[in-house]
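Residues in the sequence shown are numbered from 1 upward in steps of one, following my numbering.
All residues carry an ideal CB built from backbone N, CA and C; glycine is no exception.
Only a predicted model underlies this, so the values are computations on that prediction, with no experimental measurement involved.
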Amino acid sequence: MNFAHLRRPPLLAAAVVALSLAHVQAGDAPGAPATSESRYGLFGLLDRNSSYGKGLFPEPFLIDDSDLEEGEIRFDWLRTARGSSHTDNFRVEIEKSLGPVTLELEVPYERNVAPGERVDGIANIDLGARVPVFQWVNQGKTFDTTFGVAFEWGIPNGSAVSKNGELVPKIFNDTRFGLLTLQTVAGLSFVTGPGEAGGSRAFEYGFTLGFTIDHKVLPIPGVQQIIPVFELSGEHGLNKEEEGVDNLTGLAGVRINLDSIGKIQPRLGVGYVFPLNNIAREDFHSGVYTSLVFEF
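Okay, structure coming up:
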């Protein structure tokens with residue numbers, strides 16, 4: 001079973017734009033646009049008052065991270081099962097920023113176990129980059145939105161689970177409504193290489209909805225924030241046998257941001273993974289996602 005699509009990107013970015021414009025046109029926006037002093041970047045399209053890159057957006061589980069990460073190392077384990085068969089996906093990821101650009105290196109290991117059969121190996125090694133291109137913040141700083149572009153390259157290594165490469169250009173949006181956050185990612189997947197999978201194309205999409213509960217509201221010792229999250233990750237086939245076929249998966253979980261240890265902040269995460277349509281149920285019936293992030 002291949003769960004690579006679970007972490008890649010309905011497209012909600014257009015809805016966010018429409019919502020922002022509706023507030024402005026109706027005159028019910030909490031304030032005027034940011035002053036010119038806060039604008040920076042190409043054509044002044046970015047805003048220093050934005051929540052982007054300030055640790056307010058939780059790290060997603062199933063879909064790609066879209067926030068700016070100054071420095072982060074992450075260890076993930078996803079186990080899914082269907083009857084007597086199960087799949088384990090282990091992943092180590094390093095992210096580092098250069099100005100507004102976040103660079104990413106991901107090394108995954110996949111193990112598929114069925115009665116009398118086991119297939120495992122290092123999956124595609126992923127290189128990625130993302131950058132914000134437009135930000136808008138209201139004067140009261142209770143609402144802000146960031147649009148950006150990203151690219152991911154999955155490099156095959158010839159293992160039993162890594163025969164084909166993959167190129168995924170993407171767009172993303174990170175929006176904050178007070179303590180509520182919405183992260184949306186959408187992209188086009190192009191599979192390269194030999195075999196039946198070579199030449200496949202798919203539209204990948206997903207979103208992460210989070211609500212931040214601060215230590216002041218729930219004063220648990222050693223815990224800075226608790227963030228319940230809900231995620232949706234989907235893949236819509238564009239050609240071959242998968243044309244018009246949707247594979248849809250959901251997750252309900254929580255991120256717990258702990259107190260820093262020196263310059264390092266640990267962040268724990270756990271989520272229950274479940275299929276949302278019959279195509280996804282052909283791959284698995286349930287799953288558990290655990291994640292440990294160290295931000296530095």
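Asked, Found
"As assigned by DSSP and simplified to three states, the class of Arg48", "coil"
"Local conformation of Ile122 per DSSP, three classes", "strand"
"Residue range of the beta strand (DSSP E) that includes Glu95", "85-98"
"Contacts around Ala280, its chain only, beta-carbon distance under 8 Å, and the 5 residues preceding and following it disregarded", "Asn247, Leu248, Thr249"
"Simplified DSSP state of Asn278, which is helix, strand or coil", "helix"
"Limits of the beta strand (DSSP E) - the one that Ile256 falls within", "246-258"
"Alpha-carbon to alpha-carbon, Ser51 and Thr290", "26 Å"
"Rounded straight-line distance, which links the Cα of Val131 to that of Leu98", "10 Å"
"CB of Ala202 within 8 Å of CB of Leu238, strictly", "yes"
"Rounded C-alpha distance that separates Leu21 from Gly158", "A caution first: Leu21 carries a pLDDT of 39, below 50, which makes its placement in the model unreliable, though a value can still be read off. Their backbone Cα atoms lie some 48 Å apart in a straight line."
"8 Å Cβ shell around Pro156 - same chain, five flanking residues per side excluded", "Asn124, Ser162, Lys163, Asn164, Gly165, Gly193"
"Reference Glu72; option with closest CA among Phe90, Thr80, Glu106, Phe43", "Glu106"
"Nearest candidate by alpha-carbon position, reference Leu179, set Leu68, Ile256, Asp214, Phe207", "Asp214"
"Identified DSSP bridge partners for Leu188", "Phe203"
"Identity of the residues DSSP links to His215 by a beta bridge", "DSSP lists no partner for His215."
"CB-CB length for Val185 against Asp64, believed under 8 Å", "5 Å"
"Same chain, Cβ closer than 6 Å to Thr212, neighbours up to 5 away in sequence not counted", "Leu179, Gln225, Ile227"
"Segments of 3+ residues assigned as beta strand (DSSP E) that fall wholly inside the segment 106-191", "117-122, 125-137, 143-155, 165-177"
"Residue nearest to Leu78 in terms of C-alpha spacing, selected from Glu204, Phe190, Val92", "Val92"
"Minimum C-alpha distance to Phe294 - residue among His285, Val273, Gly269, Asp283", "Gly269"
"Cβ-Cβ distance between Asp126 and Ala160 below 8 Å", "no"
"Helix, strand or coil at Ser291 [DSSP, three-state]", "strand"
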